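Engineer: Counted from 1, the first sequence has number 211 at position 211 by the numbering used here; the numbering is strictly sequential. The beta-carbon is built from N, C-alpha and C at its ideal position, and this holds for glycine as well. Here the structure is a predicted model, which is why all the values come from computation and not from measurement. Structure in structure tokens, see below.
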Amino acid sequence: MTLKKRIAEILRQGLAEAQQRGTLPAMALPEVIVEHPQKAEHGDYATSLPLRLARGMGMNPLAIAERIAAALPPSPEIGKVEVAAPGFINISINPAWLAQQVQTVRKQGDRFGDSDLGKGKRVQLEFVSVNPTGPLHVGHGRGAVLGSALANVLSAAGFAVAREYYLNDAGNQMENFFRSLYVRYLQAQGRPAEMPAEGYMGTYMVELAREIVREFGDRFLTLPQDEAVRQIGQIGMVRIVEALKRDLKALGVEFDIWFSEKSLFEGGQYEKATALLRQGGYLEQREGALWFTSTALGESKDNVIVRSTGAPTYFASDIAYHYNKFLERNFDEVINIWGADHQGHVSRMKAAVAALGVEPQRLKIIISQMVTLKRGEEVVRVSKRSGELITLREVMDEVGADACRFFFLSRSADAQMDFDLELAKKQSQDNPVYYVQYAHARIASILSKARERGYTWDDSSDTSALLTSPHEIALIRKMLELSEVIETVSTSLEAHHLPYYATELATIFHLFYKHCRVMLPNRPLSAARLKLVEAAKAVLARSLHLMGMTAPEKM
RNA sequence: GCGCUUGUAGCUCAGUUUGGAUAGAGCGUCGCCCUGCGGAGGCGAAGGCCGUGGGUUCGAGUCCCACCAAGCGCGCCA
1 MTLKKRIAEI
11 LRQGLAEAQQ
21 RGTLPAMALP
31 EVIVEHPQKA
41 EHGDYATSLP
51 LRLARGMGMN
61 PLAIAERIAA
71 ALPPSPEIGK
81 VEVAAPGFIN
91 ISINPAWLAQ
101 QVQTVRKQGD
111 RFGDSDLGKG
121 KRVQLEFVSV
131 NPTGPLHVGH
141 GRGAVLGSAL
151 ANVLSAAGFA
161 VAREYYLNDA
171 GNQMENFFRS
181 LYVRYLQAQG
191 RPAEMPAEGY
201 MGTYMVELAR
211 EIVREFGDRF
221 LTLPQDEAVR
231 QIGQIGMVRI
241 VEALKRDLKA
251 LGVEFDIWFS
261 EKSLFEGGQY
271 EKATALLRQG
281 GYLEQREGAL
291 WFTSTALGES
301 KDNVIVRSTG
311 APTYFASDIA
321 YHYNKFLERN
331 FDEVINIWGA
341 DHQGHVSRMK
351 AAVAALGVEP
361 QRLKIIISQM
371 VTLKRGEEVV
381 RVSKRSGELI
391 TLREVMDEVG
401 ADACRFFFLS
411 RSADAQMDFD
421 LELAKKQSQD
431 NPVYYVQYAH
441 ARIASILSKA
451 RERGYTWDDS
461 SDTSALLTSP
471 HEIALIRKML
481 ELSEVIETVS
491 TSLEAHHLPY
501 YATELATIFH
511 LFYKHCRVML
521 PNRPLSAARL
531 KLVEAAKAVL
541 ARSLHLMGMT
551 APEKM
């Protein structure tokens, strides 16, 4: 349990006890909300519960606060309890209890901070899912980093997470890609051919075609055109997928499942989902096409799922995919991370899920907003089809995967962000990522120096009573917040709390380091501090790992 | 026009989900701190009509309404 929840529980008990004693009137209890006050003199935790109760109880909030405070059950965590105007209860954690937690952190190691919030619930997290028609750009990188970090945190919070990439290996855009590649293949052999109007114009297509010529020669020239397009397309797609996997891995992003869109048509999910919609009365033949009557579910318009050509739309396969997620694989919760350009798809997807008989709250869709790529003041337009490409790979090569991840994670998903390449390069020395990693490397250095100098420390004796400096206690207090952060990120699905927490933890460590010398003639105190910094190192490392970053021993 | 998102310090952004005490951080600017464990560090200063205007409330950056500005979406593309 997080310390915050524990404090809330103690307050709730105090309130109930005061009512039991008759010092406060009986009434239904509101949820007890505990927060970290902004000012240190207001303690570690505070609640405005008395202010919330004042009206219902018809009493002065200050008097309520005093009576709750007087009825709090004794508990080792609680240090000072103060009542403050106009009706706050401020609670400080007992420093001696905090000092003992170093032992707990060390015992739990890289599992410290885990939460049982998820209770083993099965969550499917679908992200990136970029069409396999070209390299990833920075916007994709943002969604990729967000998804992988969320997966890490949800796992830490006790959810069973499946990381999934939905591979759009069917449909219009693939056809377009196939034909584009075929044209480049012809051109690579000096044959006259014209790119499709909406074709993929990027130079990577030219290179890919050359590669195919190098390996397969002219053998596709003799095939019937349709067959040649199909075969070349398949080869090209496989190569693109390999490149996607390679680039994602370099960014620290890996998937449990690569789910094929095509398989939905081969495995019957498309038919079953459509049948279910028809059964529910949500399908209507009109103007030669098959429509999903989403207006019946409050949508502003209906949506075509089968074109008049007979070809299903992207929306149709996405419905089949969600049929598979919810009704075949029975995930308790499904999270999709989509780019901002899919935002118009959100509400109709929820409507479709509802039409399949699934409570739409089980589907959570995160929209990862646009990344504007810049070089200084100049905006770099990015479009796969137009061919002017700054790839994610290039950005990673310039600023490094760790810095990329930290930078993407630092902004909430629903805020647009600028990614200035000049700035990212220029700041690479004092990028905030280094600040956090530096703290980790600094501790590693202290520990190895201590070993060299013959210091020893282990958990055979409890030295926590020696940790009395406010800087030591502040460091421990911040370390204990990790589990709160993990729970906050898990419930809000907002990963940007992670880099903020890591930065705060690093700051408090640096402050501790400034004021408390670790290696001293006083061996017992040194041992206590060595245990503390070793624990801090573990928490820093875990914070970095949750973000998918490395925790370097040296920099 | 309609929908979604955003608007907080010179710049980049937290804080808005759950209303609470004097609104925070990084960068930048200015000033200070190295006898000794990593100065890629620490301390301090300056810098804010929280987009605008109403409303609800004992209390609003946070909730409600209107408006302004920016981005995205509104296709038998994905």
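1) With three or more beta-carbon pairs closer than 8 angstroms as the criterion, would you say the region 134-143 touches the region 463-472?
2) Can you give me the C-alpha to C-alpha distance between residue 87 and residue 118, rounded to a whole angstrom?
3) Quick check on the DSSP output: what are the complete alpha helix (DSSP H) runs of length 4 or more inside the region 446-488, in order along the chain?
4) Between 178, 191 and 479, which lies nearest to residue 205 when the distance is taken from Cα to Cα?
5) Taking just the CA atoms, how far does residue 19 sit from residue 521?
6) For residue 27, count neighbouring Cβ atoms within 10 angstroms of its own Cβ and tell me buried if that reaches 16, exposed if not.
7) Taking residue 183 and residue 199 to be in contact with their CB atoms under 8 angstroms, please state how far apart those CB atoms are, rounded to whole angstroms.
8) Which residues in the same chain have their Cβ closer than 8 angstroms to the Cβ of residue 298, if we skip the five residues on either side of it in sequence?
9) Kindly indicate which residue of 71, 62, 31 and 82 has the alpha-carbon position closest to the one of residue 37.
10) Let's test the definition: count the other Cβ atoms within 10 Å of the Cβ of residue 353 and tell me whether it reaches 16, buried, or not, exposed.
11) Tell me which residue opens and which closes the beta strand (DSSP E) that residue 45 is part of.
12) Report the three-state DSSP secondary structure of residue 137 (helix, strand or coil).
13) DSSP state of residue 37, grouped into three classes?
14) Quick one: is residue 295 buried, meaning 16 or more other Cβ sit within 10 Å of its Cβ, or exposed?
15) Where does residue 120 sit, in a helix, a strand or coil, going by DSSP?
16) Look up residue 305 in the DSSP assignment and give the residues it is bridged to.
17) Taking just the CA atoms, how far does residue 380 sit from residue 374?
18) Let me confirm a value: residue 4 is counted as buried when at least 16 other C-beta atoms fall within 10 Å, else exposed. Which label applies?
19) Do you know whose CA, among 344, 478 and 395, lies nearest residue 95's CA?
20) My output table needs one value for residue 64: the three-state DSSP class, helix, strand or coil.
21) Who are the Cβ neighbours of residue 277 in its own chain at under 6 angstroms, not counting the five residues just before and after it?
22) Rounded to a whole number of angstroms, what is the C-alpha to C-alpha distance between residue 245 and residue 254?
23) Got a sec? Which residues, its chain only, sit under 8 angstroms from residue 588 by beta carbon, not counting five neighbours each side?
24) Our contact map puts residue 122 next to residue 160 with C-beta atoms below 8 angstroms; I'd like the distance itself, whole angstroms only.
25) Nearest-angstrom Cα distance between residue 270 and residue 336?
26) Compute every distance between the C-beta of residue 412 and the non-hydrogen atoms of the ligand GTP, then say whether any falls below 6 angstroms.
27) May I ask you to report which of helix, strand or coil DSSP gives residue 82?
28) For residue 167, which of helix, strand or coil comes out of DSSP?
29) So, is residue 384 buried or exposed, given that buried needs 16 or more other C-beta atoms within 10 angstroms?
30) Grouping DSSP H, G and I as helix and E and B as strand, with all else coil, what is residue 259?
31) Name the residue from 544, 554 and 555 whose alpha carbon lies nearest to the alpha carbon of residue 110.
Structural biologist: Walking through what the data contain:
1) no
2) 34 angstroms
3) 470-480
4) 178
5) 54 angstroms
6) exposed
7) 7 angstroms
8) 351
9) 82
10) buried
11) 45-47
12) strand
13) coil
14) exposed
15) coil
16) Paired residue(s): none; residue 305 is not in a bridge.
17) 5 angstroms
18) buried
19) 478
20) helix
21) 283 and 355
22) 8 angstroms
23) One cannot answer for residue 588 here, as it falls past the ends of the chain, which runs 1 to 555.
24) 5 angstroms
25) 19 angstroms
26) Here there are no bound small molecules, and the ligand GTP is not part of this structure.
27) strand
28) strand
29) Confidence in residue 384 is poor, its pLDDT being 48 and thus under 50, which makes the residue's placement unreliable; the coordinate value appears in the next sentence. Residue 384 comes out buried.
30) strand
31) 544
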